[in-house]
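Asker: Residue numbers (my numbering): 14 to 851. I have a structure here, written as structure tokens, and I will follow up with some questions on it.
Laid out in structure tokens, this is it:
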């Protein structure tokens, strides 16, 4: 019976094997053809056998399995078994089954890949592999010189160690081999070829790979030695890869672990930064890119625990780090990033014009992307810098803390949000020093094209030459962007006080309106400022052109400032107008000041109806004014000066009175070339045709009558103020008369000196006086009179010395109506005329 069954099995061996294969072949795999014989030597002859699955066809022809001669037992099989195959053809085609590629290997399928402890000797003369992924078939020959070695020749040359349930080996290959034979790889790499300077060199680079296959895992070690350049914005970034890349593929999960700890990846970005960003002095040096932990690639995605970028010099400081980078099958990405740039004494940026003691820049955040949303959350961005110097400008400390978030929904633009603060301590530019600048801001917007930033700024003080000029500046500004091109800014500022050595302005309020076009590089602004006591003004600017306008308004608004310089001064009436501009930025500033009907009181002195309407310029040397005209209706210092005309020049901030001329007591007084600074100078005050009768009338001396006119000049010594008049002269212009009657003061003197009676009636031919005056007001007069007394027919030659304090004299020489009353009278008259014209 057993023999009969054996005979049947032999006769129907092909059918029986085909039937049995359904039980041990993988799912969706079948034997489509089979023709074999069983003999003694060779033991099994396979004329042909065909396997087919959803995407694979394998055809084996003329294969022999031989166990040699002699008794057949296990040890004989292990020692003598061999497989000789004439031809194997493997055809890989694209499957229509959508589940192909998505199925995970089962444990049973993995077991099928496992190798026995000792394989038979294998010889394959012709192995042809054809795939729709490859541009051309691969032809190989497989042979085993001994049981522990497998040799592959043909299109790929390799040697493998076989035995103990695993296959290990070494081979040298290149990217050119893959792209030449792989249609998919060749197409995939096309977009990247322009980013590599020497693409062919990269493809021809030999890679030495050693691997070990156990049936469940495939471990490989790839030795790489690469020098090339990545092309970016027409500049090359040198890249060096040297060392070993280790991978391990777990077949049960199709998960690959990539270990680069033995691979040095170095890049040099300095020249590219210099070319693209025009930063010539940045010296980061060679940077090292490393992955301290293994990269995991599986059906679920890619996970990179840590990616770091460090400098290969200066203590290997960490510059940039990504952590927990996850990319899934749907290209969803999540990662944490960290930027850490820390250096001292310009380690990375060596520019003699820009120096700093220490720089620290830290940025932390997360990035998340899925099919519906893209988020970048920069939760913490910190900058710190000490002792920053840019040419002549110096900053003691800068500290900033900024958070910035960007969110992009499907089919929508980026939506920004954020907030931050920046503090600057002790900023100095030449003789200007700014102390404690603080800035806080919030950022929002429905899109990047329409972003809004609200700023809140404060400055503790601004000093000039160690003097507090501005104190406590606070401002709030809202900045809006439109289409990434246009912007507008609206806000207000308050300056607690502005002061110089002599003047303190008090608080100033400013309202800002600014508009700009970033593309056209065009900016305009209007800043309305209000000074104490209500003085208003505007500062306009268009690009580099600046205009300052103080429109016509009461000059009395300046009284708070004037009283700080001259406490006894008071502006009573008048109008002020001022304008400044630089229509041509390459040239000087142009300005105009207009004073109309200005009247002023100072102690017992008065100025009535002063007028000025003059233009001047401001350049690098200061204010420049040439022959500015000033007219004044009246100046009263006890002796009234009327019809005052003056010319004022200013050279490099130094004023000079070119000339001043006025009517005085029926005559005229003139002064020329008076420098209004602290220089030593001798001034010449010319007096012409002063009416003696009017001069005496000013003193209200009853019983004294004088006729005639006098002229002369008074040399004034000036140095940081009036010093003295030394030996000035006054002399009559022609004959005159002197009559004295019933004057109590003269009668009292005449009782003591009887000869003075000749002066009661004098027709003089010469009246002269030598004049000296000290800075404390003491006037010395040496008077000489030559003439005749017509009543007594007596010739007179009289010399007299008189000393008096002129300040006291001027106080006594008051006009009947005070100048204050005179000014009020003029003001009422103007108002009356205005009403009559309505």
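Just so it is clear, CB atoms sit at the ideal spot from N, CA and C, and this is done for glycine as well.
What are the boundary residues of the beta strand (DSSP E) that includes residue 593?
Answerer: For residue 593, the uninterrupted beta strand (DSSP E) run begins and ends at 582-594, by DSSP.
Asker: Anyone know if the C-beta pair for residue 745 and residue 780 falls short of 8 Å?
Answerer: yes
Asker: Starting from the Cα of residue 788, find the closest Cα among 752, 732, 803 and 762 and give me that residue.
Answerer: 732
Asker: Tell me the DSSP bridge mates of residue 895?
Answerer: Residue 895 lies beyond the range of the chain shown here (14 to 851); nothing can be said about it.
Asker: Suppose the cutoff is 6 Å on Cβ atoms and the five residues either side in sequence are ignored; what does the same chain contact list for residue 346 look like?
Answerer: Closer than 6 Å at the Cβ level, and outside the excluded window around residue 346, lie 340 and 382.
Asker: Between the C-alpha atoms of residue 714 and residue 752, what's the straight-line distance to the nearest angstrom?
Answerer: 12 Å
Asker: To which residues of the same chain is residue 107 closer than 8 Å at the C-beta, ignoring the five residues directly before and after it?
Answerer: 68 and 145
Asker: Decide if residue 283 is buried, meaning its Cβ has at least 16 other Cβ atoms within 10 Å, or exposed.
Answerer: Residue 283 should be labelled buried.
Asker: For residue 712, is the classification buried or exposed, using 16 other Cβ atoms within 10 angstroms of its Cβ as the cut-off for buried?
Answerer: Under this definition residue 712 is an exposed residue.
Asker: Per DSSP, what are the beta-bridge partners of residue 752 in this structure?
Answerer: 718 and 774
Asker: Can you grab the Cα-Cα spacing for the pair residue 522 / residue 504, in whole Å?
Answerer: 11 Å
Asker: What does the alpha-carbon distance come out to for the pair residue 299 and residue 398?
Answerer: 24 Å
Asker: Just the Cα atoms here: how many angstroms apart are residue 604 and residue 630?
Answerer: 6 Å
Asker: What's the gap between the Cα of residue 545 and the Cα of residue 511?
Answerer: 11 Å
Asker: How many angstroms separate the CA atom of residue 437 from the CA atom of residue 475?
Answerer: 13 Å
Asker: May I have the straight-line CA-CA distance separating residue 288 from residue 606, to the nearest angstrom?
Answerer: 51 Å
Asker: Rounded to the nearest angstrom, what separates residue 690 and residue 670 at their Cα positions?
Answerer: 11 Å
Asker: Taking just the CA atoms, how far does residue 349 sit from residue 318?
Answerer: 10 Å
Asker: Out of 584, 594, 577 and 653, point me to the one whose CA is closest to residue 632's CA.
Answerer: Comparing C-alpha distances from residue 632 to each of 584, 594, 577 and 653 shows the shortest one belongs to 594.
Asker: According to DSSP, is residue 803 helix, strand or coil?
Answerer: coil
Asker: Taking the alpha helix (DSSP H) that residue 758 falls in, what are its first and last residues?
Answerer: 757-765
Asker: Taking only three categories from DSSP, how would you classify residue 629?
Answerer: strand
Asker: Does DSSP put residue 781 in a helix, a strand or coil?
Answerer: strand
Asker: Under three-state DSSP, which class holds residue 404?
Answerer: For residue 404, the three-state secondary structure derived from DSSP is coil.
Asker: When the Cα of residue 239 is compared with those of 440, 181, 464 and 215, which residue comes out closest?
Answerer: It is 215.
Asker: At what residues does the beta strand (DSSP E) containing residue 136 begin and finish?
Answerer: 134-144
Asker: Express the C-alpha separation of residue 182 and residue 259 in angstroms, rounding to a whole number.
Answerer: 14 Å
Asker: Which runs of the beta strand (DSSP E), 3 residues or longer, sit entirely within the segment 147-191?
Answerer: 151-159, 162-167, 171-176 and 179-186
Asker: Looking only at its own chain, which residues have a Cβ that is under 6 Å from the Cβ of residue 626, when we skip the five neighbours before and after it?
Answerer: 607
Asker: Spatial neighbours of residue 609 within its chain, please: C-beta separation below 7 Å, excluding the five flanking residues on both sides.
Answerer: 587, 588 and 624
Asker: Among 462, 166, 483 and 806, which residue has its Cα nearest to the Cα of residue 450?
Answerer: Of 462, 166, 483 and 806, the residue nearest in Cα terms is 483.
Asker: In angstroms, rounded to a whole number, what distance separates the CA positions of residue 164 and residue 156?
Answerer: 5 Å
Asker: At the 8 Å Cβ level, is residue 255 part of the contact set with chain C, yes or no?
Answerer: As a matter of chain content, chain C is missing from the structure shown, which is built from one protein chain.
Asker: Nearest-angstrom Cα distance between residue 858 and residue 568?
Answerer: Residue 858 falls outside the range modelled here, since the chain spans only 14 to 851, and no answer is possible.
Asker: From the DSSP output, which residues share a beta bridge with residue 624?
Answerer: 644
Asker: Measure from the alpha carbon of residue 860 to the alpha carbon of each residue in 444, 539, 162 and 384, then state which is nearest.
Answerer: Past the edges of the chain, shown from 14 to 851, lies residue 860, and the structure says nothing about it.
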